[in-house]
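Scroll down for the structure; my scribbles are underneath it.
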Amino acid sequence: MSFPLVPDDASNRALLDEVCPRDWINPSPRGRYDLVILGGGPSGSAAARIAAAGGATVALVEQRFLGGDCLNFGGIPVQTLIRSARAAAEVRSAASLGVQVPGGFHIDFAKVMKRVRKVRSELSSQYSARHLKGLSIDVFLGAGSFRDHETVLVGDSRLRFQKAIIATGATHSLPTVQGLAETDVLSMEAFFSLEQIPLRLAILGGGQVGCEIAQAMARLGSQVILLESAPQILSRTDEDAAFIVREALIRDGVSVFASSRLRRVQSTSEGKVVLFSRGEEIGSELVDAILNVSGQMPRVRGIGLEAVGVTYNDGNGVKVDDFLRTSDPRIYAMGEVASNHPAAHAAEPMARIAVENALFRGRSRASRLLVPWCAGTDPEIAQIGLNERLAADRAVEVDVYRCPFSATDRARMDGATEGFVKILTAHKTDRIIGATVVGHEAGNLVGELSLAIATGCGLRRLSDVIHRYPTHAAAIRQVSQQCVRNPRRFTSGKWTDRWLK
17 MSFPLVPDDA
27 SNRALLDEVC
37 PRDWINPSPR
47 GRYDLVILGG
57 GPSGSAAARI
67 AAAGGATVAL
77 VEQRFLGGDC
87 LNFGGIPVQT
97 LIRSARAAAE
107 VRSAASLGVQ
117 VPGGFHIDFA
127 KVMKRVRKVR
137 SELSSQYSAR
147 HLKGLSIDVF
157 LGAGSFRDHE
167 TVLVGDSRLR
177 FQKAIIATGA
187 THSLPTVQGL
197 AETDVLSMEA
207 FFSLEQIPLR
217 LAILGGGQVG
227 CEIAQAMARL
237 GSQVILLESA
247 PQILSRTDED
257 AAFIVREALI
267 RDGVSVFASS
277 RLRRVQSTSE
287 GKVVLFSRGE
297 EIGSELVDAI
307 LNVSGQMPRV
317 RGIGLEAVGV
327 TYNDGNGVKV
337 DDFLRTSDPR
347 IYAMGEVASN
357 HPAAHAAEPM
367 ARIAVENALF
377 RGRSRASRLL
387 VPWCAGTDPE
397 IAQIGLNERL
407 AADRAVEVDV
417 YRCPFSATDR
427 ARMDGATEGF
437 VKILTAHKTD
447 RIIGATVVGH
457 EAGNLVGELS
467 LAIATGCGLR
477 RLSDVIHRYP
487 THAAAIRQVS
497 QQCVRNPRRF
507 TSGKWTDRWL
517 K
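In this note's numbering, the protein residues as written are 17 to 517.
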């Protein structure tokens, strides 16, 4: 089974040779596998490696591309695109640092996308079918589905199993809007096949990926409109954090329309007309391309869940308990298909929980994972644990400590004073229960706060951490110092006077 990628260049051919080789021949199934995994993305392939390393017999089934969306059409190509866009922004702002760029500069979008495809192919080896085969994992390329409680079918192959894991991920669902289904709407896969930049681009969905691509494409030369149905973009974060990123997107030329509802799309000889409403207002934009990154839809259809009685729905995917077990105790599920910790950096911890519980009678709980979230916008947003909105929703009393980056020397040196560090503690204690960082290198800074929460290090104790000067991490120390109360004061007394004399 082979799926073509456009354009047919050296990088895409190299990628396909790793993640969907045309000459691949599925192995003959073994008698009974200890573990069969549906889905060869980050979590599925991690589970296969962990189980095989523990001595289990493992079959990994992937319908399209090994590596899943993260490698092929998600995080890796998006972040590579962002790097080129950031370079363009840095050149534009160089004059503010006293650096003049004579004659301006030119962005070669075709070369930008060529680099994206090259980096993607270079990072594909860890998901390679041949690499996984070398780890004693039987790789089956094709559509897999459950036939009964101990069998998965892949074409003519019957894979019998002791335990199974579902890790088929999710996709973006197209909104039900008049004219949209008849319009050539870009998927993420089609987006990364572009060789010419859309001069006018509409993006449906103001979540993490929508905001990242909107800013990147605006910096690379597109006129971008971003449509989000929720009252704010990046709805999973606090309003003050989302506001800073929204203002940054607008400065970069993105037209941001929150609380907007897409009404109709119509193709014309001049482009695509996008009609949307915001309350009582009606807006209309003419664009060259539309990218859909809205509405996550778990991939639960066509994999035979009905045959094994696994409970699921189209919105939230497969229902699992805290041990990642489905309604069939022999079958587990994780990642986007089960709406739990979809981030790629959570793939291996989630896979370890699923494998240990399925094969080794483990009792690990998914709720105990501490997984940070980060949006690669400029400035970045990173979160760990609770934020103020979640704390309020759960009626958790918190104390909030905050330091703006403008209060740190390094931010002023770099000219990157936007943003803040905000740390939440349980009320009247210094126990950290969450943090939000908005600003330069937020994704790196949140690691220190993740460690503090994981180890039970209180906010006062963080004030003892010495950071190299000058760094952005100074903001964390300044926040922690706000929590230090009743500092010791020098008071002269009889014994002090004698000692001083």
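The C-beta atom is built at its ideal place from N, Cα and C for all residues, glycine as well. Predicted, not measured: the structure shown is a model, and the values here were computed from it.
Just mark residue i as buried or exposed, buried being the case when its beta carbon has 16 or more other beta carbons within 10 Å.
{"i": "residue 122", "result": "exposed"}
{"i": "residue 197", "result": "exposed"}
{"i": "residue 327", "result": "exposed"}
{"i": "residue 109", "result": "exposed"}
{"i": "residue 443", "result": "exposed"}
{"i": "residue 485", "result": "exposed"}
{"i": "residue 34", "result": "buried"}
{"i": "residue 284", "result": "exposed"}
{"i": "residue 214", "result": "buried"}
{"i": "residue 160", "result": "buried"}
{"i": "residue 429", "result": "exposed"}
{"i": "residue 69", "result": "exposed"}
{"i": "residue 455", "result": "buried"}
{"i": "residue 254", "result": "buried"}
{"i": "residue 231", "result": "buried"}
{"i": "residue 22", "result": "exposed"}
{"i": "residue 478", "result": "buried"}
{"i": "residue 403", "result": "buried"}
{"i": "residue 28", "result": "buried"}
{"i": "residue 133", "result": "buried"}
{"i": "residue 441", "result": "buried"}
{"i": "residue 329", "result": "exposed"}
How big is the Cα-Cα spacing for residue i and residue j?
{"i": "residue 211", "j": "residue 345", "result": "47 Å"}
{"i": "residue 40", "j": "residue 457", "result": "42 Å"}
{"i": "residue 38", "j": "residue 32", "result": "8 Å"}
{"i": "residue 118", "j": "residue 488", "result": "31 Å"}
{"i": "residue 157", "j": "residue 237", "result": "39 Å"}
{"i": "residue 273", "j": "residue 90", "result": "24 Å"}
{"i": "residue 261", "j": "residue 149", "result": "44 Å"}
{"i": "residue 57", "j": "residue 461", "result": "27 Å"}
{"i": "residue 323", "j": "residue 165", "result": "8 Å"}
{"i": "residue 193", "j": "residue 390", "result": "30 Å"}
{"i": "residue 307", "j": "residue 297", "result": "23 Å"}
{"i": "residue 374", "j": "residue 348", "result": "7 Å"}
{"i": "residue 72", "j": "residue 30", "result": "30 Å"}
{"i": "residue 259", "j": "residue 179", "result": "46 Å"}
{"i": "residue 363", "j": "residue 311", "result": "21 Å"}
{"i": "residue 502", "j": "residue 476", "result": "Below a pLDDT of 50, predicted positions are generally treated as unreliable, and residue 502, at 48, falls in that range; the measurement from the model is reported next regardless. For residue 502 and residue 476, the distance between alpha carbons rounds to 12 Å."}
{"i": "residue 269", "j": "residue 235", "result": "8 Å"}
{"i": "residue 539", "j": "residue 471", "result": "Outside the shown range of the chain, which is 17 to 517, sits residue 539, and nothing can be said about it."}
Since residue i and residue j should fall inside the 8 Å C-beta cutoff, what is the C-beta to C-beta distance between them, to a whole number of angstroms?
{"i": "residue 271", "j": "residue 240", "result": "7 Å"}
{"i": "residue 113", "j": "residue 431", "result": "7 Å"}
{"i": "residue 351", "j": "residue 398", "result": "Not quite, the Cβ-Cβ distance comes to about 21 Å (not below 8 Å), so this is no contact."}
{"i": "residue 452", "j": "residue 257", "result": "5 Å"}
{"i": "residue 481", "j": "residue 66", "result": "The pair is not a contact, with the Cβ atoms about 33 Å apart (cut-off 8 Å)."}
{"i": "residue 219", "j": "residue 51", "result": "Contact flag wrong, Cβ pair sits at about 39 Å."}
{"i": "residue 86", "j": "residue 360", "result": "4 Å"}
{"i": "residue 407", "j": "residue 414", "result": "5 Å"}
{"i": "residue 74", "j": "residue 168", "result": "With a Cβ gap of about 12 Å, residue 74 and residue 168 do not count as contacting."}
{"i": "residue 244", "j": "residue 276", "result": "7 Å"}
{"i": "residue 437", "j": "residue 491", "result": "4 Å"}
{"i": "residue 301", "j": "residue 309", "result": "Their Cβ separation, rounded to whole angstroms, is 17 Å, which puts residue 301 and residue 309 out of contact at 8 Å."}
{"i": "residue 184", "j": "residue 54", "result": "6 Å"}
- Along the chain, which unbroken stretches of the alpha helix (DSSP H) at least 4 residues long are found entirely within the stretch 94-156? For the stretch 94-156, whole alpha helix (DSSP H) runs of length 4 or above, ordered along the chain, are 125-138, 145-150.
- Message: For a minimum of 3 consecutive residues, which ranges assigned as the beta strand (DSSP E) are wholly contained in the stretch 344-428?
- Response: You should have 347-349, 389-391, 396-401, 414-420.
- Item | Segments of 4+ residues assigned as alpha helix (DSSP H) that fall wholly inside the stretch 246-297 | 255-267, all fully within the stretch 246-297.
- Message: Please give the ranges of any alpha helix (DSSP H) in the stretch 215-240, keeping only runs that are unbroken, at least 4 residues long and fully inside the region.
- Response: Taking only runs of at least 4 residues, the alpha helix (DSSP H) segments lying wholly in the stretch 215-240 are 224-236.
- Message: Quick test of the definition: if touching needs 3 or more C-beta pairs under 8 Å, does the stretch 170-179 touch the stretch 125-134?
- Response: Verdict: no, contact absent.
- Message: Just to confirm the assignment: which complete beta strand (DSSP E) runs, minimum length 3, are found wholly within the stretch 23-94?
- Response: Inside the stretch 23-94, DSSP marks whole beta strand (DSSP E) runs of 3 or more residues at positions 49-54, 74-78, from first to last along the chain.
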